[in-house]
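Q: Have a look at this one before I ask anything.
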Amino acid sequence: MRKKDIIFCIILLMLQFIPTACRDDYFMNEEIGEGNATLSVTLCFDQEDAALGTTRAEGGDEGNAIQNINSLCMLFYDTTGKLVHNYIVKGEGLVIDPDVSGWSYNLEDNRIDEDKDEQGNQFEDSKTGTAMFKLRPIKRGKYYIYAVANMGDLTQYKDKITTREGLKAISLQWDPDDISQNSEMFGVFSLTPDRNAPDDLVTINSPGVQLHSWLRRAASKVTVAFDGSGLYANVQIYIENVILKDIPKTCSLGNPNTPGLVSEDVPDPDSYKDPDWKPEMHARSERYTASNGLYSEGKSIKIQKLPADLSVLTPENYIHICNDLHRYMGKGEEGDEQDIITNTHAHKAQSLFFYENMQGKGKSKKQSQNGVDIDYPDPDEQKEGSGWKDEKPYGTYVEVTGYYRCTAANEHVGAGPIKFRFMLGQDVTTDYNATRNTHYKLTLKFKGYGNDADWHIEYEEPSDIYVSTPQYISYLYNKSMNVTLKVVGEIKPNSTLDAKILGKDEDTGFTGWRPWGNGTSAFPTVPNDFYYSGWIYNDGPWNSFLSLRKTSLVKIVVSGYEDKPSWQTPINTKYNETYYNEKNEGNRSYKISNIGTDDLADGEYSVKSNGNEHIFTIPLYTRAKELVTKTGFTGNNPYSAYPRKERIKFTIQVKDDVTGTYVPKTAYLDMIQVRRIENPKGVWRSAGNSDNFHVTLMRLPYDDAEDFKPFNSEGAWSATIVEGGDDFITLRSTVEGSGSDNAQQTGVKSIEGAGEHPIDFWIDFKGTIAENSTPRCAIVRVRYHNYTCEHDIYVRQGYAPITIDGNAESDKNPAWASYNVYRFDANNAPVYTKSPLEEGSLFRRGNRTAILASNNDRPGFTFGLGPSGSFDVLELGATTPSQKTWSQLAPSADDVKSRFASWSIAGDHERIATIEDFYTLESTSIHSNIGKAYGVLYGDGATETQKSVEVAFGYDHNEDPTNSKKGMRGCFVFNINNSHNIFFPIGKSGYGRRKGMTSNGEKVGALRYAQRTDYYNKDGTGNIQYVPLFYDLFERPGAIYQCRNRLESTNNEVKKSSAFDINYFTMGFEGFENGASNNNNGSDSDACFIRTVKY
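Numbering (mature numbering (1 follows the signal peptide of the UniProt record, and there is no 0)), first residue to last: -23 to -1, 1 to 1072.
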């Protein structure tokens, strides 16, 4: 079965050579007088145009390649058609006739008035210039007078030009290699500037006569533009090549040119307009061998080279047409201005040239008269009447080749090579006369999903599996998307569609847990030293992000280690593989009917059948946040600059179209887990602030980039206020995000964004609240890449303490402060930072002296260095900084006695958060309403997403808390039911910890989150083969928070920890045991952040 799946309209504009505006009103008396006449001669020709635009295409020829007049002859014939004289008027290296004088050019616009400034005028392509000269007196009389350009002095045709008929019958030979050699022109002379002047006798009967000629080239040209404004969403057409096919080998200089004509007699001009004209033609099989036949191909315009691996074909990387940002063809950030069409049809744009080809009238060029059924579904070159080439075997046509992709979740889903063909002529219906000296401006206007009938389309869907690849899934853990597959053909009874996630040993480009890129702008190449690329212990898809079945956990824990610290898990564990195989996450079979309860538990899919077409809608999932914490593997993409990729193999038994037997059909789907989005992740306002915020989702273009970059959604996107939160914000669309064609959406809870536009909109706040009232909270959920990927933004107004569940605060349900501790006053009460974004100070356990964050910017105190001297600190009760060394900041004997085991503070029902308090925010249940998110928070004064990494991460104590555009990285804990959200900053530097224990020669007091101080060895030693994601852990961000209580021994139970570990890279959130204060006297204690709660 052949199915045609693309829709088109065509705009055809014809450009012809334009005569001079000069007119001669002299009235000629038919009685011929005595004596000679002096002739003033004017020729019209195309002048040089300035370039109206450039093209990325290769091939074809410049649109003005054959416009120049390099040589010119003027021939006079008497009334019997015999040559009187051949004047050599112009030509380098030619002997110019001495009777010729006064040759001049005039490059002004000399079109006659009715050809100027008309909207849509078919002659608007080119202005005309003139060439003028004079001939010495010639005998009065009646003559046929012709102009022949760009054929030298006609010496090689001396036998043919002796008669008028012989001149016009000269057979020109197409030069396929040098287009400038096909620039022959022919024109008749008349006494008036008439572009349609007949080939009649000209009477010369006065002393001075003005002659005019409209020179016409034997060749014409075609330009092809594209318009996808009528396409449906989720349809993309990637154009690869535009080629002119079946062009004439020869052309008559002055007669209509009909390749393939058997007779040498010149047809009556009216024949070409007669639908019943049936000239005797050479056989179809002789069209390339006949002397007046065709070349199979002319020149081509190479738009782009499509990759052999079409799974990397994405709108950001390749030139395409869609109904969004690239309606008129483009890629990446290129716009969709309609000027692209104008520039593509410009006079000097890349063009395809050919000789005139007059094939008369014929059948309709449309492939379907009713727009549904194909009129000639089986065209056959050998079978006349089958519709092959519209029954014009010697006609010239344009062929556009490319790749079609539709990701719609319905029967239109599909992808594959596609060709569009159109026979040239004077209209888009029944005329096949491709006349000379014409600029054919074809605009292919696509509509809907495809299926239009103006062009002949070759898009076949034999029995097979069809799925568009690649597709995207969220960077977040425990998320899902639906993929649509189409199976065409008769499926074997009782068989299933089988899916398998492929592994590293199946030669499929497996990357799994690794960052992935292919060197394109959408997926930049990952530097070799960015991750560990050596041998991995027990590697496979069980260490990666993708599952065919619904995820049931947030954290996968090895049996027997549920309440133990993650570091105690055996490093050589294979539990990820065990769990993956037990749950069969990498394999699944989909029945055509009778979907069972197990299928519902694993994620519901659907199948819709219509004859031999079967549409499968299949859910895919990202896996748990922590895939055995010790291993570091995660279902959440930890990389901000790079995606990850896995491949799924689909197989089903379908009856073969040729053999009629059931055979396995296979399709592959590349699933790309998009880059982690950090910026923005939260927008907070103080109680009295209602400034709106302009959201633009941004991502890092590569690791260590200095700036974030906005990116376009591949397919439509949306932003919605999640139900359950407080009613204090609305959303507003922007032209940048939703397109200029869509009405602005204002004051709404959900907005729609346009595909191939950035995720760009406003969060508008409604009023303010009292200073100490309960904060108002909301979550804005963004879905992008055709709604397959999610990103949440946590919004809050008011900084008063808040419980995560929304109930009243109590000992078991504390209200969390919004600020970290900056210092302690003389009464042992905490003094908080000025903003929830500020990281606060670091404190060694039990010691109330604040180690100021400003130290992190001092030479010798930055990440991994020193410290080289004393720290700037604020001692208990002090407001002026002083200096202390690391050893002087160790807990004193009184600190150990009074605060080391139970760190009490002053305040009404206020305490440093206990490990139990932190674990009210932690849950490994998939059904928990508590979740974690990691990214950038903006506060008062920030009204838009910041591009600069330094600014987005750079909030510090020196900022004005009421007016700073800077942001801060950290961890959000949120309740999806009521949208309550709490933020834990990790610090401007990204390292919320100063280490109290030495390792590998690093000094105590060094600023570093991780225990490690250097890369793991690449030679496989040092256990890197077990924990490859920790290859560069030493420089990964995170923070440690002190807990109120410390036991001398935790018995390896993380819920008895004296500190809490927030890993920004792996998204870890768990107790740190006594890792921040191993010794009971505090001599090796770390300096960490402090957060308090109310109870």
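Glycine included, each C-beta is placed from N, C-alpha and C at the ideal position.
Keep in mind that this is a model prediction, so the values were computed, not measured.
How many Å lie between Ile(-6) and Trp191 at the Cα?
A: By 1-based counting over the sequence shown, the position of residue -6 is 18. By 1-based counting over the sequence shown, the position of residue 191 is 214. Low per-residue confidence applies at Ile(-6): pLDDT is 28, beneath 50, and the placement is therefore not dependable, though the value from the model is reported in the following sentence. Distance between the alpha carbons of Ile(-6) and Trp191 is about 7 Å.
Q: Can you find a heavy atom of the ligand NAP that lies under 7 Å from the Cβ of Gly480?
A: The model depicted lacks the ligand NAP and carries no ligand whatsoever.
Q: Going by DSSP, what residue range makes up the alpha helix (DSSP H) through Asn553?
A: Counting from 1 along the sequence shown, the entry for residue 553 is found at position 576. From DSSP, the alpha helix (DSSP H) with Asn553 extends over Tyr552 to Glu559.
Q: Less than 8 Å between C-beta atoms, sequence neighbours within five positions excluded: which residues of the same chain meet that for Ala1053?
A: Along the sequence shown, one-based indexing puts residue 1053 at 1076. The residues are Arg822, Arg970, Gly973, Ile1017, Gln1019, Ser1035, Ala1036, Ser1062, Asp1063 and Cys1065.
Q: Going by the CB atoms, is the gap between Asn666 and Asp917 shorter than 8 Å?
A: Start at 1 with the first residue of the sequence shown, and residue 917 comes out as number 940. Start at 1 with the first residue of the sequence shown, and residue 666 comes out as number 689. In contact: Asp917 and Asn666 (Cβ atoms closer than 8 Å).
Q: Between the segment 752 to 765 and the segment 701 to 711, do three or more beta carbon pairs fall short of 8 Å?
A: These segments touch.
Q: From the DSSP output, in three-state form, read off Asn952 for me.
A: Reading the sequence shown from its first residue, position 975 is the one you call residue 952. Correct three-state label for Asn952: strand.
Q: Below 6 Å CB to CB, which residues in the same chain sit around Glu101 once its five sequence neighbours on both sides are set aside?
A: What you label residue 101 is simply residue 124 of the sequence shown in a count that begins at 1. Residue confidence is low: Glu101 scores 41 on pLDDT, short of 50, so the model does not pin down where it sits. Its coordinate-derived value is still stated next. So the list is empty, once near-sequence residues are dropped.
Q: Taking Cβ to Cβ, would you say Thr446 is nearer than 8 Å to Ser288?
A: Here residue 446 refers to the residue found at position 469 when the sequence shown is read from its first residue. Here residue 288 refers to the residue found at position 311 when the sequence shown is read from its first residue. Their beta carbons are under 8 Å apart, which means Thr446 touches Ser288 by this criterion.
Q: Name the DSSP beta bridge partners of Ser727, please?
A: Here residue 727 is taken as the residue at index 750 of the sequence shown, counted from 1. In DSSP, Ser727 forms a bridge with Thr697.
Q: Beta-carbon within less than 7 Å of Lys250's beta-carbon, same chain only, minus the 5 sequence neighbours each way: which residues are those?
A: As a position in the sequence shown, residue 250 is number 273, starting the count at 1. For Lys250, where only same-chain residues beyond five positions count, the Cβ hits under 7 Å are Lys338.
Q: If we require 3 or more residues per run, which beta strand (DSSP E) segments fall completely within the segment 920 to 993?
A: Those beta strand (DSSP E) runs which fall completely within the segment 920 to 993 and span 3+ residues are 944 to 952 and 958 to 962.
Q: Between which residues of its own chain and Ile746 is the CB-CB distance below 7 Å, once the five residues before and five after are set aside?
A: Within the sequence shown, residue 746 is the residue found at index 769, counting from 1. These residues qualify, in order along the chain: Ala664, Arg753, Gln774 and Gly775.
Q: Tell me which residues share the same chain as Leu1006 and place their Cβ nearer than 6 Å to its Cβ, disregarding the 5 neighbours each side in the sequence.
A: One-based indexing of the sequence shown puts residue 1006 at position 1029. These residues qualify, in order along the chain: Gly609.
Q: Just list the residues that DSSP pairs His591 with in beta bridges.
A: Translated into the one-based positions of the sequence shown, residue 591 becomes position 614. Bridge partners of His591: Val464 and Ser586.
Q: Can you tell me whether Lys282 is helix, strand or coil according to DSSP?
A: Locating residue 282 in the sequence shown gives position 305, counting from the first residue. Three-state DSSP puts Lys282 in coil, outside helix and strand.
Q: Cα-Cα, which of Thr920, Thr497, Lys560 and Tyr796 is closest to Leu525?
A: In the sequence shown, the residue the question calls residue 525 occupies position 548. Of the listed residues, the one whose Cα sits closest to Leu525 is Lys560.
Q: Would you mind sorting Pro75 into buried or exposed? The rule is 16 or more other CB atoms within 10 Å of its CB.
A: Along the sequence shown, read from residue 1 onward, the residue named residue 75 stands at position 98. Exposed, because fewer than 16 other Cβ atoms sit within 10 Å of the Cβ of Pro75.
Q: In the structure shown, what three-state DSSP assignment does Tyr215 receive?
A: By 1-based counting over the sequence shown, the position of residue 215 is 238. Reduced to three states, the DSSP call for Tyr215 is strand.
Q: Let me check understanding here. Comparing Cα to Cα, which of Trp793, Glu887, Cys299 and Ala878 lies closest to Thr897?
A: Taking the sequence shown and counting its residues from 1, the one referred to as residue 897 is at position 920. Out of Trp793, Glu887, Cys299 and Ala878, Trp793 has the C-alpha closest to the C-alpha of Thr897.
Q: Can the beta-carbon of Tyr443 be found closer than 8 Å to that of Val390?
A: Locating residue 443 in the sequence shown gives position 466, where the first residue counts as 1. Locating residue 390 in the sequence shown gives position 413, where the first residue counts as 1. Closer than 8 Å, so yes.
Q: In angstroms with no decimal places, state the Cα-to-Cα distance between Glu590 and Gln213.
A: Reading the sequence shown from its first residue, position 613 is the one you call residue 590. Reading the sequence shown from its first residue, position 236 is the one you call residue 213. In a straight line, the C-alpha of Glu590 is about 22 Å away from that of Gln213.
Q: Helix, strand or coil for Ala1064, going by three-state DSSP, please let me know.
A: Position 1087 of the sequence shown holds residue 1064. In the structure shown, Ala1064 sits in a strand (DSSP, three-state: E or B).
Q: Hey, how far is the Cα of Thr32 from the Cα of Ala202?
A: As a first step, residue 32 must be located in the sequence shown, where it is residue number 55. As a first step, residue 202 must be located in the sequence shown, where it is residue number 225. Residue placement at Thr32 is flagged as unreliable, the pLDDT there being 36, under the threshold of 50; a coordinate-derived value is accordingly withheld.
Q: Between Tyr556 and Thr611, what straight-line distance do the alpha-carbon atoms span, to the nearest angstrom?
A: On the sequence shown, residue 556 is found 579 positions in, with the first residue counted as 1. On the sequence shown, residue 611 is found 634 positions in, with the first residue counted as 1. In a straight line, the C-alpha of Tyr556 is about 14 Å away from that of Thr611.
Q: DSSP on Asp247, reduced to helix/strand/coil?
A: Here residue 247 is taken as the residue at index 270 of the sequence shown, counted from 1. Residue state, collapsed to three classes: helix.
Q: Could you tell me the boundaries of the alpha helix (DSSP H) in which Lys226 lies?
A: By one-based count along the sequence shown, residue 226 stands at place 249. Note, Lys226: premise wrong, no alpha helix (DSSP H); not H, not E.
Q: Classify Pro470 as buried or exposed, calling it buried when 16 or more other Cβ atoms lie within 10 Å of its own Cβ.
A: Here residue 470 refers to the residue found at position 493 when the sequence shown is read from its first residue. It counts as exposed.
Q: In the DSSP assignment, the alpha helix (DSSP H) including Lys137 goes from what residue to what residue?
A: By 1-based counting over the sequence shown, the position of residue 137 is 160. Neither: Lys137 is in no alpha helix (DSSP H) and is coded neither H nor E.
Q: Could you check the C-alpha separation between residue 1074 and Glu936 for me, to the nearest Å?
A: Residue 1074 is absent from the structure shown; the chain starts at -23 and stops at 1072.
Q: Taking 8 Å as the cut-off, does the segment 446 to 455 touch the segment 277 to 291 (at least 3 CB pairs, one atom from each stretch)?
A: Judged by Cβ distances under 8 Å, the segment 277 to 291 makes contact with the segment 446 to 455, as three or more pairs qualify.
Q: Quick check: Phe522 and Glu358, are their CB atoms within less than 8 Å of each other?
A: Stepping through the sequence shown from its first residue, residue 522 is reached at position 545. Stepping through the sequence shown from its first residue, residue 358 is reached at position 381. No, they are not a contact pair.
Q: Is the beta carbon of Ser206 closer than 8 Å to that of Arg304?
A: On the sequence shown, position 327 is the one that residue 304 refers to. On the sequence shown, position 229 is the one that residue 206 refers to. Yes, Cβ-Cβ distance for Arg304 and Ser206 is below 8 Å.
Q: Looking only at C-alpha atoms, which of Glu142, Leu577 and Asp680 sits nearest to Pro504?
A: Here residue 504 corresponds to residue number 527 of the sequence shown, with the count starting at 1. Looking at the Cα atoms, Asp680 is the closest of the given residues.
Q: Expressed to the nearest angstrom, what Euclidean distance is found between the alpha-carbon atoms of Asn719 and Ala385?
A: Position 742 of the sequence shown, counted from the start, is the residue given in the question as residue 719. Position 408 of the sequence shown, counted from the start, is the residue given in the question as residue 385. For Asn719 and Ala385, the distance between alpha carbons rounds to 21 Å.
Q: Can the beta-carbon of Val772 be found less than 8 Å from the beta-carbon of Tyr417?
A: The sequence position of residue 772 within the sequence shown is 795, counting from 1. The sequence position of residue 417 within the sequence shown is 440, counting from 1. Contact: no.
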